[in-house]
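Q:
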Amino acid sequence: MLEFQGVPVSEGIALGPCFIVDTEEFVIEQTTADDVAKELKRVQTAREQVAHRLQQQLDASDNEPQGEILRAHLSMLNDPQLATGIETSIQTNRESAEYAVSHNLLSYAEMLEALPDEYLRERAQDLRDLRLQWLAALFGKSELVDVPSGAIVIATELLPSQFLQVKSHGIGGIVTEQGGTTSHVSILARNFGIPMVTGVQTSAFDGAESVAINGQDGRIIINPDDDTKTQFNQARETYETMMRQAHENRMFAATTRNGQTIEVAANIGGPDDLEEVLANGADGIGLFRTEFLFMDRSAAPTENEQYEVYRRVAEAMAGKRVVIRTLDAGADKKVSYLHFDDEENPFLGVRGLRYTLKYPELFQTQLKAVLRAAQHGKISLMFPMVTNVADVEAAIEAVDEARRTLTDEGQAYGSVELGAMIEVPAAALITDLLAEKLDFVSVGTNDLIQYTTASDRMNPAVTAWYEPGHPGLWRLLEQVSRGAHQQGAWVGMCGELAGTLEFVPRLVELGFDELSMSPKRIGLIKTAIRNL
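Residue numbers (this note's numbering): 1 to 532.
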């Protein structure tokens, strides 16, 4: 029996047979194609097969993180530049279909990995994933991996498409060597309730027959003895009982024993998430990520298109608060048809509110749509990437301009609360000054941890420094809560930390009024609050 300590990224406890996934199972040799037309046809047929499967998965999905990944893969699959490169390799160099697909996608991936832009580096993983799917179709292999039910899947780096396939087999848990708390697969694991631990070398599992993992503390046991198996099974039963109780009690208010009530809300990417939000007992929408409305299009959505979406969400929530974040473009959220200057470090560049203030026509269209939708429900408007008071003043003036325009146009509109995301330490330190002009603030912990600890949240090499429990972060959170409440503003949190069980007592103690998270976490967090 061997024990290792990894980084927990998805809660839960699992015990099962060990199954190691080889992420590079296709051997591609450079050969000369005898029939160019045949190879071109094979590439196209395989592409259509992958596209059909991706679209089927997307149509059947009610999970926004999964949908986002599937849409990205479809978009890349349909990229004409990529198609042209593969066709040229076959026609000019007489490469086989497999070799042309493999080396073209790898070349693009390696090019993106060398760039400083984090968003583009993340797309490199998508290209590698798409390459694997395309090759599987060319080789006539319907399943990328074939894993036994209940297994603990071990991989150097599990690709999203592999996750979706192993999930369908009913796996018990996942251990990876690479990846952080905000990687694609980590987010998917949390959304689907699959225990996951990262940061342990794959070679440690050579010869392993069974594995036990604890997604709460990151503990991994290889070939556990009978006593350890009994302990893990008991812990798993306790955890599963807690999860059942959380689901049963999800519709009740999150009120502590001393009478403090916390609003437990949901993060969404669009109206397709509403069914899950309502089914899980959300007290409102704490973060509507509107950038998803702008993606996978050739042009920005019109004012009326946006209005209809916002209206639909507001009406569905029936008077519960809906916090709409204005377009958070830039850094890791690039929109293909919008202009972005080349920046050495986009995370420190023109993103969020900085971007929309730079393009006022784009901003005004969204603001007018939100104001019009506010007639149909309780809507709050939140500005991302606020750094100073001047940012808030400029955003307020933009909202006032949108109101004046709607009045001149004879269009009706409603009232909205105005708030700012606290994502950078500078904003956290002056929350009292920002809140003096606002109705609320909401902490985006994914970026606040990143900026506070100087640790790229997508870089597995610095996972140890991306520390949600860092004392410096918690001093900032205390200052945010105190500063906002001094000005009579309410305080929320919409980052991953809000849905992390171990931190709930500290957040309640600090006086956070609202916590917003993945809908599936709501029952668990409500139960934890009621037990305080």
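Glycine included, C-beta positions come from ideal geometry on N, C-alpha and C.
In chain order, what residues of the same chain lie with their CB nearer than 6 Å to the CB of Ala394, ignoring the 5 residues before and after it?
A: Leu357
Q: Consult DSSP for Phe192 and reduce its assignment to one of helix, strand or coil.
A: helix
Q: Taking the C-alpha atoms as reference points, what is the distance between Phe26 and Trp134?
A: 11 Å
Q: Sort out for me which residues DSSP pairs Leu2 with in a bridge.
A: Ile222
Q: If you count every other CB in all the chains shown that lies within 10 Å of the CB of Thr398, and 16 or more means buried, which is it?
A: Note that residue 398 is Ala in the sequence shown here, rather than Thr. Classification for Ala398: buried.
Q: Candidates Leu287, Tyr337, Ser203, Ala266: which alpha carbon is nearest Asp296's?
A: With distances taken between Cα atoms, Asp296 lies closest to Tyr337.
Q: DSSP beta-bridge partners for Ile379?
A: DSSP lists Val322 as partners of Ile379.
Q: How about the stretch 305-317 and the stretch 367-381: do they share at least three Cβ pairs that are nearer than 8 Å?
A: yes
Q: For Thr415 and Ile324, I'd like the C-alpha separation in whole angstroms.
A: With the sequence shown as reference, residue 415 is identified as Ser, and Thr is not the correct amino acid for it. Approximately 13 Å, taken between the alpha carbons.
Q: If you compare alpha carbons, which of Asn214, Gln201, His103 is closest to Ile194?
A: When each option's Cα is compared against that of Ile194, the closest is Asn214.
Q: State the Cα-Cα distance for the pair Gly85 and Glu48, rounded to the nearest angstrom.
A: 17 Å
Q: Are the CB atoms of Pro519 and Asn249 within a distance shorter than 8 Å?
A: no
Q: From the DSSP secondary-structure annotation, give me the bridge partner or partners of Ala265.
A: Ser516
Q: Starting from the C-beta of Phe252, find all residues in its chain whose C-beta is less than 8 Å away, skip the five residues before and the five after it, and write them out in chain order.
A: Gly281, Lys526, Arg530
Q: So the beta strand (DSSP E) Gly419 belongs to, where does it begin and stop?
A: Per DSSP, Gly419 belongs to the beta strand (DSSP E) from 417-422.
Q: Could you spell out the range, first to last residue, of the alpha helix (DSSP H) harbouring Ile396?
A: 389-409
Q: For Phe19, which residues does DSSP report across the bridge?
A: Val153
Q: May I ask which residues mark the beginning and end of the beta strand (DSSP E) holding Gly286?
A: 285-289
Q: Are Glu11 and Ser96 close, meaning C-beta to C-beta below 8 Å?
A: no
Q: Could you check the C-alpha separation between Val101 and Val50 for me, to the nearest Å?
A: It is roughly 13 Å from the alpha-carbon of Val101 to the alpha-carbon of Val50.
Q: Below 8 Å on the Cβ atoms is my contact criterion, and I expect Leu106 with Arg131 to pass it. Report the Cβ-Cβ distance as a whole number of Å.
A: 7 Å
Q: Below 8 Å between beta carbons: does that hold for Glu177 and Thr202?
A: Yes, the Cβ-Cβ distance between Glu177 and Thr202 is below 8 Å.
Q: Could you please give the first and the last residue of the uninterrupted alpha helix (DSSP H) stretch that includes Ser102?
A: 97-113
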